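Numbering (the numbering used here), first residue to last: 17 to 436.
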């Protein structure tokens, strides 16, 4: 952006405004949130959860000028309750803005496009739900992969009597997954060879505990720090430090969970290693795609299966990744727990008409077929009208005036005042 502004100033003599960018997440310090409310940024980067909080907070005034919403990695939201929650938040955001918002969804692993477009656009109509028009742009280019399924032992059926415990099995004594006789003594030296043969490597695993243990095992085997664990339980400052160390070439490898799977610029990563079959084709594409993350570049990845059944799954998912055959996604229908949470947030700002709340909810694709009876059942529950005395101790969240057709929160949030 600064380069565009400099060229425009030199050749055209024009002044270009450099947009101010702010980040609002759960890690954002309180003083930064106050500054954001006083001086709204041009671009706000946030999460679905933080957007929900801002919509109900006094800082929601900064959202009144929003024109465009970009939902990155939209495939991770469409088929989940988290996505249904965001769909309602987008309708609330459009209500605050007072204008139709341009909505842009981005992803390399979304299918089918019709369903994703329906989710993103939402719809209109009091009686018959009509989806808003959405323009679909399909790049039509499949990511090129150089994939290898590697088994570091001659016979996976003879790994020793004390093999890795099955899921749910309780292991007695101090023995851990990495300490027991299994395939790990063969995987670890090979992993270290791959790490040392490349400038930067990301090793993906499917659990935080394994990420910590595998990073420690690699460092012990190397006799020096060559890897660090990266997952959601690591403090934000440490995560940034670890990511910067990999980008700068000071750290040869990261052992990560899904924390590095989506939307993070990791710079030039030479190789991605996946321990055990990825949880889905989309996840495998996102993870292996971290390597050589440039247009038309070939992403190189190595998958290490841990047992014989895992070998078959790895072979199948590798073929599907090369074909780009990601799983189909379906929008969940009427998650009422999500609806209840959003209704409480909406009426916390002041009295609302029931018909308005119902119409807003039905504009979101997950609630496009929401029956009025189910909606009123949620209002019954929130206002303390329970089907059994077993719920009598639950505190009502709102007051539903059936004669006037309005709802009001029992915990009323006053109208916002502009910070001074």
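Note that the Cβ used here is the ideal one computed from N, Cα and C, for glycine as well.
This one's a predicted model, so the numbers in the text were calculated from it and none came from an experiment.
Practice task
Could you tell me which of 107, 41, 82 and 222 sits nearest to residue 372, measuring between CA atoms?
Solution key: 107
Handout entry: Contacting residues, own chain, Cβ-Cβ under 7 angstroms from residue 277 (five flanking each side not counted)
Key = 299, 302 and 303
Handout entry: Where residue 247 falls, given that 16 or more other Cβ within 10 Å makes a residue buried
Key = buried
Handout entry: Exposed unless 16 or more other CB atoms sit within 10 angstroms - verdict on residue 345
Key = buried
Problem - For residue 293 and residue 338, the rounded distance between their alpha carbons - result: 15 angstroms
Practice task
My understanding is that residue 126 touches residue 78, with C-beta atoms under 8 angstroms, so please give their C-beta distance in whole angstroms.
Solution key: Wrong, their Cβ atoms sit about 30 angstroms apart, outside the cutoff.
Problem - Backbone secondary structure at residue 205 - three-state DSSP - result: helix
Practice task
Could you spell out where the alpha helix (DSSP H) holding residue 289 opens and where it closes?
Solution key: Not the alpha helix (DSSP H): residue 289 falls in the beta strand (DSSP E), residues 287-291.
Handout entry: Same chain, Cβ closer than 6 angstroms to residue 12, five either side skipped, listed in chain order
Key = With the chain covering only 17 through 436, there is no way to say anything about residue 12.
Exercise for the section: List the whole-angstrom C-beta distance separating residue 287 from residue 307, where the pair is believed to meet the contact cut-off of C-beta under 8 angstroms. Expected result: In this structure residue 287 is in contact with residue 307, their Cβ atoms being roughly 6 angstroms apart against a cut-off of 8 angstroms.
Exercise for the section: Let me know if residue 33 comes out buried or exposed under the rule of 16 or more other beta-carbons within 10 Å of its beta-carbon. Expected result: exposed
Handout entry: Minimum C-alpha distance to residue 333 - residue among 85, 149, 164 and 412
Key = Comparing Cα-Cα distances from residue 333 to each of 85, 149, 164 and 412, the minimum goes to 164.
Exercise for the section: Count the other CB atoms, across all protein chains shown, that sit within 10 Å of the CB of residue 416; report buried if there are 16 or more and exposed otherwise. Expected result: buried
Handout entry: Selected residue, minimal CA-CA separation from residue 124, among 92, 370 and 268
Key = The shortest C-alpha separation from residue 124 is found at 92.
Exercise for the section: Kindly indicate which residue of 118, 150, 140 and 117 has the alpha-carbon position closest to the one of residue 129. Expected result: Ranked by Cα distance from residue 129, the options 118, 150, 140 and 117 are led by 150.
Practice task
Give me whichever residues DSSP pairs with residue 416 in a beta bridge.
Solution key: 423
Exercise for the section: Count the C-beta pairs between the region 357-377 and the region 317-330 that are closer than 8 angstroms, then say yes if the count reaches three, no if not. Expected result: no
Practice task
Return helix, strand or coil for residue 249, following the three-state DSSP convention.
Solution key: coil
Problem - Beta-carbon spacing of residue 423, residue 354 below 9 angstroms - result: no
Exercise for the section: For the alpha helix (DSSP H) containing residue 276, list its first residue and its last residue. Expected result: Careful: residue 276 lies outside any alpha helix (DSSP H) and carries neither H nor E.
Practice task
Go ahead and pull the three-state DSSP assignment for residue 47.
Solution key: helix
Exercise for the section: Put residue 118 into one of helix, strand or coil per three-state DSSP. Expected result: strand
Handout entry: Assigned secondary structure, residue 80 (DSSP; H/G/I helix, E/B strand, else coil)
Key = helix
Practice task
Compute the beta-carbon to beta-carbon distance between residue 290 and residue 317, rounded to the nearest angstrom, for a pair I have assumed lies under 8 angstroms.
Solution key: With a beta-carbon spacing of about 6 angstroms, residue 290 and residue 317 fall inside the 8 angstroms limit used to define contacts.
Handout entry: Neighbour-count burial assignment, residue 421, 16 or more Cβ in a 10 Å radius
Key = exposed
Practice task
Answer yes or no: do residue 297 and residue 343 have a C-beta to C-beta separation smaller than 9 angstroms?
Solution key: yes
Handout entry: Which listed residue (87, 272, 340 and 425) has its alpha carbon closest to that of residue 357
Key = 425
Practice task
Starting from the Cα of residue 399, find the closest Cα among 228, 110, 411 and 406 and give me that residue.
Solution key: Cα-wise, what sits closest to residue 399 is 411.
Handout entry: Closest by C-alpha distance to residue 206, when choosing among 225, 237 and 224
Key = 237
Practice task
Pick helix, strand or coil for residue 317, following the three-state DSSP scheme.
Solution key: strand
Handout entry: residue 76 versus residue 70 - alpha carbon distance
Key = 5 angstroms
Handout entry: Contact check, residue 86 vs residue 138, beta carbons under 9 angstroms
Key = no
Exercise for the section: Return the bridge partner residues of residue 221 from the DSSP annotation. Expected result: Paired residue(s): none; residue 221 is not in a bridge.
Exercise for the section: Confirm the yes/no value for this check: CB of residue 386, any heavy atom of the ligand ADP, distance under 8 angstroms. Expected result: Among the components modelled here there is no ligand, and therefore nothing to report on the ligand ADP.
Exercise for the section: If I'm right that residue 243 touches residue 271 with Cβ under 8 angstroms, what's the distance once you round it to whole angstroms? Expected result: Cβ atoms of residue 243 and residue 271 come within 8 angstroms of each other, at about 5 angstroms.
Practice task
Starting from the N-terminal side, write out each stretch of the alpha helix (DSSP H) that is 4 residues or longer and does not extend beyond the region 299-382.
Solution key: 324-339, 352-363 and 370-379
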